[in-house]
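In UniProt numbering, the protein residues as written are 1 to 810. The C-beta atom is built at its ideal place from N, Cα and C for all residues, glycine as well. If you're wondering where the values come from, they're calculated on a predicted model, not measured in any experiment. Here is the structure we will look at, set down as structure tokens.
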Amino acid sequence: MIEWNLDLCHRYKSDILVSNKKLMASIKLNGPKKKSEKIFKQKPKPKNYTKAPQPPQKFDPEDQELFQSYQDIIKRMFEISLSGSEQELLKRESLFKETQIPKTKLVITDDPEKITSLWTSIQGLVHRAVNIEKTSQQAKKSKNSMHIRVRSGLINCLQIIYKKHGKWLREYIGAIIPSDVRGNVCDSISAQTPLIFMMLNDSSNEIRSLAATTLAVLLEESTEYEALESLDISGRVFNSKFHELAGILDNLHEIFNFVLRSQLAPEVLVAVLRATAALISKTPYSVFSPSHLLKIAESVMIHLGAFNPDIRLAVIKCLKNVFKERSEKIKHILTYDFVYHVLGSQDLVEERLELFTNLVKNYPEEMDGFKSWIQEKLSSIMMGDNLLLQKTAFEITDEYIRVKPNCCMVEVIARVALVLTKKQPVDTLAPCLNTLSLLPDIKVLTQAEVKELIEFLKKFDFSGNSSSLLKSIIMKLFGTLAKADLVPEDFFDRGISVISAHRDTSNLSVAINSSLALSYFCLNPISLSRIDTIIDIIRDNSENRREKVVSNAIVSIANLFGMFTYEQIHKYFDELFDICVRGLSHKTAKVGWDACRAFFTFFANESMPHYEIAHKLIPNLIQAVKTQNNFKTKINSCQLLMKFGKDLIGYSAEILNSLVYCLEIDGRSKHMDSKTLQYQYDFKQESIMCIAHIIDINEELTQELIEFFSENSLNVYHWLRTFVIDYVHENNSKDSSELENDKSIENIRKCCRKLCMWVEAESRIGVSFGLLEKLKKMARIDEEKIRKYMGYEAENDLIIPLKNVLTDNY
Numbered sequence: 001m002i003e004w005n006l007d008l009c010h011r012y013k014s015d016i017l018v019s020n021k022k023l024m025a026s027i028k029l030n031g032p033k034k035k036s037e038k039i040f041k042q043k044p045k046p047k048n049y050t051k052a053p054q055p056p057q058k059f060d061p062e063d064q065e066l067f068q069s070y071q072d073i074i075k076r077m078f079e080i081s082l083s084g085s086e087q088e089l090l091k092r093e094s095l096f097k098e099t100q101i102p103k104t105k106l107v108i109t110d111d112p113e114k115i116t117s118l119w120t121s122i123q124g125l126v127h128r129a130v131n132i133e134k135t136s137q138q139a140k141k142s143k144n145s146m147h148i149r150v151r152s153g154l155i156n157c158l159q160i161i162y163k164k165h166g167k168w169l170r171e172y173i174g175a176i177i178p179s180d181v182r183g184n185v186c187d188s189i190s191a192q193t194p195l196i197f198m199m200l201n202d203s204s205n206e207i208r209s210l211a212a213t214t215l216a217v218l219l220e221e222s223t224e225y226e227a228l229e230s231l232d233i234s235g236r237v238f239n240s241k242f243h244e245l246a247g248i249l250d251n252l253h254e255i256f257n258f259v260l261r262s263q264l265a266p267e268v269l270v271a272v273l274r275a276t277a278a279l280i281s282k283t284p285y286s287v288f289s290p291s292h293l294l295k296i297a298e299s300v301m302i303h304l305g306a307f308n309p310d311i312r313l314a315v316i317k318c319l320k321n322v323f324k325e326r327s328e329k330i331k332h333i334l335t336y337d338f339v340y341h342v343l344g345s346q347d348l349v350e351e352r353l354e355l356f357t358n359l360v361k362n363y364p365e366e367m368d369g370f371k372s373w374i375q376e377k378l379s380s381i382m383m384g385d386n387l388l389l390q391k392t393a394f395e396i397t398d399e400y401i402r403v404k405p406n407c408c409m410v411e412v413i414a415r416v417a418l419v420l421t422k423k424q425p426v427d428t429l430a431p432c433l434n435t436l437s438l439l440p441d442i443k444v445l446t447q448a449e450v451k452e453l454i455e456f457l458k459k460f461d462f463s464g465n466s467s468s469l470l471k472s473i474i475m476k477l478f479g480t481l482a483k484a485d486l487v488p489e490d491f492f493d494r495g496i497s498v499i500s501a502h503r504d505t506s507n508l509s510v511a512i513n514s515s516l517a518l519s520y521f522c523l524n525p526i527s528l529s530r531i532d533t534i535i536d537i538i539r540d541n542s543e544n545r546r547e548k549v550v551s552n553a554i555v556s557i558a559n560l561f562g563m564f565t566y567e568q569i570h571k572y573f574d575e576l577f578d579i580c581v582r583g584l585s586h587k588t589a590k591v592g593w594d595a596c597r598a599f600f601t602f603f604a605n606e607s608m609p610h611y612e613i614a615h616k617l618i619p620n621l622i623q624a625v626k627t628q629n630n631f632k633t634k635i636n637s638c639q640l641l642m643k644f645g646k647d648l649i650g651y652s653a654e655i656l657n658s659l660v661y662c663l664e665i666d667g668r669s670k671h672m673d674s675k676t677l678q679y680q681y682d683f684k685q686e687s688i689m690c691i692a693h694i695i696d697i698n699e700e701l702t703q704e705l706i707e708f709f710s711e712n713s714l715n716v717y718h719w720l721r722t723f724v725i726d727y728v729h730e731n732n733s734k735d736s737s738e739l740e741n742d743k744s745i746e747n748i749r750k751c752c753r754k755l756c757m758w759v760e761a762e763s764r765i766g767v768s769f770g771l772l773e774k775l776k777k778m779a780r781i782d783e784e785k786i787r788k789y790m791g792y793e794a795e796n797d798l799i800i801p802l803k804n805v806l807t808d809n810y
């Protein structure tokens, strides 16, 4: 038993107290010591002092083999194409001084086989490192052990390969992400998928964070999941690749839901949120279960009020992806508290406004439910002194107006704009005036406000030093006022004069907005009295090398076609019509769309000579259907062709052959997104309707039609039947009686009837008996009527219910 000397203890205690008092007094006088200073003096080291040599670090044989293999990996990494920063990272990862990274010029390779071989070696080494970490006592002793450095280096190697050469590793995705997750996530994940295993189970937060970051890189660089959107539009095509990718996404959602609801170190949580954001961005929820988006959104929002600013930033970035597209499943998340949190917080304001942009873009109706709060918050930012935030607030309002023209911000934007025109320098007003020019109905302004705005615009000096952007926006605002018929004639003339003066400008923004403003002026009745000047500007704009200027010139023509009668503009009609015809074959898609729009407006005006121009328009529409690459232009051209009746008879064979050519090359590219695929599908449906229209208007068989149907009768039947199946699928909400009497279905019936009559009448059309029977069933034809028509005796009729037409077993 130890006996304590109490007197000695009291004496030491007294000395320590005295020493502490002296130290505190010194701190009060001289301030606290710097970290580099030592409070207590140390004995000086002898002059010839040398540090005792440290014994060499000993490794287990298994560790030694792992480290040596790791060094070989580092050397091999330098043989693939890397940036300077990546090379420096790998040099820092080197563990042994004796390792010699080659300093001579290396042969850099992008060979897929070598990259795949290197990745396989790294993946195997990571697996070994994980197993050693699970069992080795040495690895568990210290968080700064060599084992952590090895795992860190290997993960960095994987991250570099995924970022630079991930395209060669798509077929190995199952070795990176688990194929099956059941029950408890931690128990389901094995070391066979080491990245996720380390993210969930590693003893080092550094490694867990690095593993999550590498998963984020893998997802960010991947294009594999876009294949999920490349499905048949009706959703009937499913293959093994789809199921494999869908299973991987399903597992990843389960894993990240589990991890986000676990206790994590801040640096790990930030990395996991980055990976979650990448997962949400890459998942096509249009063909994937939207309930997964709801679950993961709720898991992310748990951390919305985190104390750590890095976590809050990662959450906001993640939520931007959650709300990047509309989903009915998650709209109930948009509560007042959530919107208040997004707009009301004072930190990360720019990032929060970016998130709010997605909310107004995809959930405008829901956002109008928070009308007063949104008006108050955005107006206060617009009226504030921070010009960057002010610009962002106006851009949000621009998007809001585009998706919902009568949104809540329309009520306040004019008042805010007029206040700013008095408060701020003119050169800072571009965002504000641009938003004002986007108002769908500027008549929401009072007469006093319109007068005040016109006076402001009249004073603007276009010859001054103002920016080109501001000039272009003010031109557009001129047009917006003119379109609303709110301007006096002198202001109208001022606007036309400014537009005419800038028709040859070299500035792209000014050229585009001046031509757009002209299209607005063409919607004002006053424009008829200035038609000579307007036509002169349109002529110049149509020959401009900038596609958007040409497009706006054609929109101007469309507006003239809609505003005035043929008699009022007949002097310039041929020239305007020819400009639109040239637009059909323009290389830029939008010019083609707008040319079609001009022709639709032309047909909507009853005073126009619709059929006198058939010989000029029909050949160009056929050419657009066959040669244009843009599906929207092809769709509109088909619809315009169907505006004509008997005028198409002379072009029947040419139209049919062009449509067959387009339908036969109807192959889906893996590079098409879902929107393009939808346009392609719509073009197919319009082409089939156009074929039916051509058959319907022809009363007699020509030699060209006989040859066409002899070669293509089976294809025509197949396309007609496909149209009916898809049409019924799209309109499954209608009851059977509605479908029986539907106009589109009736057009297909009439087409099939006509085909059956032609086949019966003309032996030169080589159609099998089986195909003829199928056409009759498609038409729901009473055969007795056909035989009477053709002079045959009556036999059994073939009236078939529509549901039987859609079956394969005829």
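- For Phe456, same chain residues with a beta-carbon under 7 angstroms away, outside a window of 5 residues either side, are Thr421 in chain order.
- In the three-state reduction of the DSSP assignment, Arg261 falls in the coil class, being assigned neither a helical nor a strand state.
- The residues Ile311, Val315, in chain order, have a CB closer than 6 angstroms to that of His303 in the same chain once the five nearest residues on each side in sequence are set aside.
- Using a Cβ distance threshold of 7 angstroms, Leu353 and Leu319 do not count as a contacting pair.
- By the C-beta criterion, the segment 388 to 408 is judged to be in contact with the segment 420 to 436, since at least 3 inter-stretch pairs fall below 8 angstroms.
- Ranked by Cα distance from Tyr336, the first of Leu560, Leu389, Glu366 is Glu366.
- For Lys471, the CB contacts under 7 angstroms within the same chain, skipping 5 residues up- and downstream, are Phe462, Val510 in chain order.
- The residue among Ile745, Asn712, Leu387 with its C-alpha nearest the C-alpha of Met689 is Ile745.
- For Tyr679 and Glu206, the gap between their C-alpha atoms comes out near 48 angstroms.
- In this structure, the alpha-carbon of Asn747 lies about 8 angstroms from that of His693.
- About 13 angstroms separates the beta carbons of Gln628 and Glu686, which is beyond the 8 angstroms limit, so they are not a contact pair.
- Bounds of any alpha helix (DSSP H) do not take in Lys587, whose DSSP letter is neither H nor E.
- By the C-beta density criterion, Ser637 is buried, having at least 16 other C-beta atoms within 10 angstroms.
- Distance from the CA of Ile296 to the CA of Arg415, rounded to the nearest whole angstrom, comes to 41 angstroms.
- For a cut-off of 8 angstroms, the C-beta gap from Ser542 to Ile579 is around 5 angstroms, short enough to register as a contact.
- Around the C-beta of Leu359, 16 or more other C-beta atoms lie within 10 Å, and the residue is accordingly described as buried.
- A direct Cα-to-Cα measurement between Ser372 and Pro440 gives close to 21 angstroms.
- When Leu245, Asp202, Ala448, Glu567 are compared, the shortest CA-CA separation from Val287 is found for Leu245.
- Secondary structure in the segment 581 to 661: the alpha helix (DSSP H) runs of 4 residues or longer, each lying completely within the stretch, are 589 to 604, 614 to 627, 631 to 641 in chain order.
- A Cβ-Cβ contact shorter than 7 angstroms links Lys163 with Glu221.
- With a cutoff of 7 angstroms on beta-carbon distance, Ser203 and Leu260 are scored as not near each other.
- If you look at Ser472, you'll find it in the alpha helix (DSSP H) that goes 468 to 483.
- If you draw a straight line from the Cα of Leu523 to the Cα of Leu659, it comes to about 37 angstroms.
- Judged by DSSP secondary structure, Phe462 falls outside any alpha helix (DSSP H); it is assigned neither H nor E.
- DSSP, read as helix, strand or coil, puts Ala306 in coil.
- The Cβ atoms of Val625 and Ser713 do not sit closer than 7 angstroms to each other.
- Glu567 is the residue among Phe631, Tyr651, His615, Glu567 whose C-alpha sits nearest the C-alpha of Asn605.
- Distance from the Cα of Leu210 is smallest, within the candidate group Gly247, Ile248, Val150, for Val150.
- Proximity to Cys662 across Tyr681, Leu453, Met382, Lys675 peaks at Tyr681, based on C-alpha coordinates.
- The alpha carbon of Gly770 has as its nearest neighbour, out of Ala761, Glu762, Cys756, Arg764, the alpha carbon of Cys756.
- Listed in chain order, the non-local C-beta contacts of Met409 below 8 angstroms within the same chain comprise Ile374, Gln375, Leu378, Thr397, Tyr400, Ile401, local neighbours out to five positions each way being set aside.
- In its chain, beyond the 5 residues on either side, Tyr400, Val403, Lys404, Cys407 have a beta carbon closer than 7 angstroms to the beta carbon of Pro364.
- Asp532 is the residue among Ile155, His586, Asp532 whose C-alpha sits nearest the C-alpha of Lys571.
- Note on geometry: alpha-carbon atoms of Asn465 and Ile534 lie some 27 angstroms from one another.
- Membership of Phe288 in any alpha helix (DSSP H) is not indicated, and neither H nor E is assigned to it by DSSP.
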